[in-house]
Structures are given as structure tokens and as C-alpha cells.
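Chain order of the listed sequences is A and B. In this text, residue positions in the first sequence follow our numbering: the first is 1, and each later residue adds one. In this text, residue positions in the second sequence follow our numbering: the first is 115, and each later residue adds one. The structure appears right after this line, and notes come after that.
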Amino acid sequence: EAGVAQSPRYKIIEKRQSVAFWCNPISGHATLYWYQQILGQGPKLLIQFQNNGVVDDSQLPKDRFSAERLKGVDSTLKIQPAKLEDSAVYLCASSLTPRGDTQYFGPGTRLTVL
Amino acid sequence: GNSVTQMEGPVTLSEEAFLTINCTYTATGYPSLFWYVQYPGEGLQLLLKATKADDKGSNKGFEATYRKETTSFHLEKGSVQVSDSAVYFCALSGGGGSNYKLTFGKGTLLTVNP
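As C-alpha cells, then:
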């Protein structure tokens, strides 16, 4: 069974530029999550989708971050404009349902904002 | 809100030593508890989980017991190997309301020397 795919694996941008990350969850998984993991900290949930609807985006900085999950399969997370403090690893995860099922994580995208 | 506190690292052990990584949590109700592991250059993987009080999760020689009276979920292994070198994250989900998002601790870096 293929795992969660993410691209790119690494991205370096200047502050105020925009960037987008892509995630393809495990086939059949209805729930998709985006996490931000700052160096030395645990992952923090940014947004959770159930199919193509948003379940929780309470910690998403909506003035600069946006995410979509068209057709309820793959998803993109965008930052525009980026700030220095956005430097982090962005993790995508998926699960069969949102009700406490095991979450499977992708390898992450390491973003460096200069 | 929910929170997880785990032992600060880094932890350095010799091969075959005994490992304990402490984890305590704050949550209302009855959360599910998890240990995730992140090997160098890889995504987070579920190591073990427990969904109710007194449950013991186990995998790959690692164990953790859900102790509601002490709100703890300490990770143990009797004899570590070099291949266990990784970052270990304690996490919880649920515990009140309908939100099953994962809340992570900051992670503990384990290095096992031959």
C-alpha cells in the first residue's frame, strides 16, 4: 500500500515570496491533516479536512495560509507572503476517519525562509 | 485545553541499556494516547497506542501503559539497539468534545551508541 506522498521535500524562498506544498493521502482515507513542525517542537495541527470540507482550521494563520482539498483527494497548502517564522517542516497526514483512527504521515516538506 | 509534557532530551544510551521516556498529559475525559517515532530523514510513524485506562500498548519491544491515576504514558524498552536512534513523540487525541486532533509533546531525541 502506498503511503502519504508529499512534494517538494525541500524548499528555500525569500521572505514575502509565496510557496505551495502538495499532498496525496493514502487511497481511501477520508481525513487529511496538515501540521507545522518547528525545529525542537512537536507537530501542530494547521488544518483538518474531512473529504473536501474543513473540520478544524482554528490554528491556521488565515491572513497568509490557505489550503484546499479539491475532489476530496489530494491537497495543497499555500503560504503567501512567507515570513521568517514560517521556516518549519510541513507534514501531511491521513486517516480513514476523523474519530481517533491512526494517522499516517508523509515525509514532510522542509521550508526555509530567508 | 489538551497538552502533553514529555522528558526533555537528548537521551544518550549504550546498546542494550534500559530506556524510559516520561510522558504526562492534561486532558478532560478519556483521551487516546500514542507514541510516534521519527527516524532520521523519515516521516512520523505510529509506534504504539492505548485507548483506555490500564491498556498497554506494545510494538518492536517498546511498551507503554495508560495510567489515568497519574495521567502518564511512559515509554519503556528493556534493551535498546543502535537502530532505535530517533526522535520519539508522545501524543493524545480526544479526551473531550468531538475533536480528535492529535496534540504532541515536544519530542525526545534518543541516540544509542554501539
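Where is the CB? At the ideal position from N, CA and C, for every residue including glycine.
As computed with DSSP, G155 of chain B is found in no beta bridge at all. Three or more Cβ pairs closer than 8 Å define a contact, and the stretch 117-135 of chain B meets that threshold against the stretch 212-222 of chain B. F187 of chain B: not part of any beta strand (DSSP E); DSSP gives it neither H nor E.
Contact between the stretch 200-210 of chain B and the stretch 141-152 of chain B is present: three or more C-beta pairs spanning the two stretches fall below 8 Å.
Interface with chain A (7 Å Cβ-Cβ cutoff): F187 of chain B is excluded.
With fewer than 16 neighbouring CB atoms inside 10 Å of its own CB, K83 of chain A falls in the exposed class. Of the residues A:Q80, A:F49, A:D74, A:T31, the one whose Cα lies closest to the Cα of P61 of chain A is A:Q80.
Between the stretch 4-24 of chain A and the stretch 53-60 of chain A, the count of Cβ pairs shorter than 8 Å is below three; the stretches do not touch. From the listed residues B:Y214, B:T184, B:Y139, the smallest Cα separation to S117 of chain B is found for B:Y139. R99 of chain A has a beta carbon lying within less than 7 Å of a beta carbon in chain B. Burial state of G28 of chain A is exposed, judged by a 10 Å Cβ sphere holding fewer than 16 other Cβ atoms. Here DSSP, grouped into helix, strand and coil, assigns S197 of chain B to helix. Per DSSP, reduced to three states, the secondary structure at G72 of chain A is helical. In this model, E190 of chain B and Q41 of chain A are separated by some 22 Å (Cα to Cα). When A:E14, A:N52, A:S75, A:S95 are compared, the shortest CA-CA separation from I26 of chain A is found for A:S95. Within the same chain, and ignoring the five residues on either side of L133 of chain B in sequence, the residues whose Cβ sits closer than 6 Å to its Cβ are K191, V194.
Not flagged as an interface residue toward chain B: G53 of chain A, since no C-beta distance is shorter than 7 Å.
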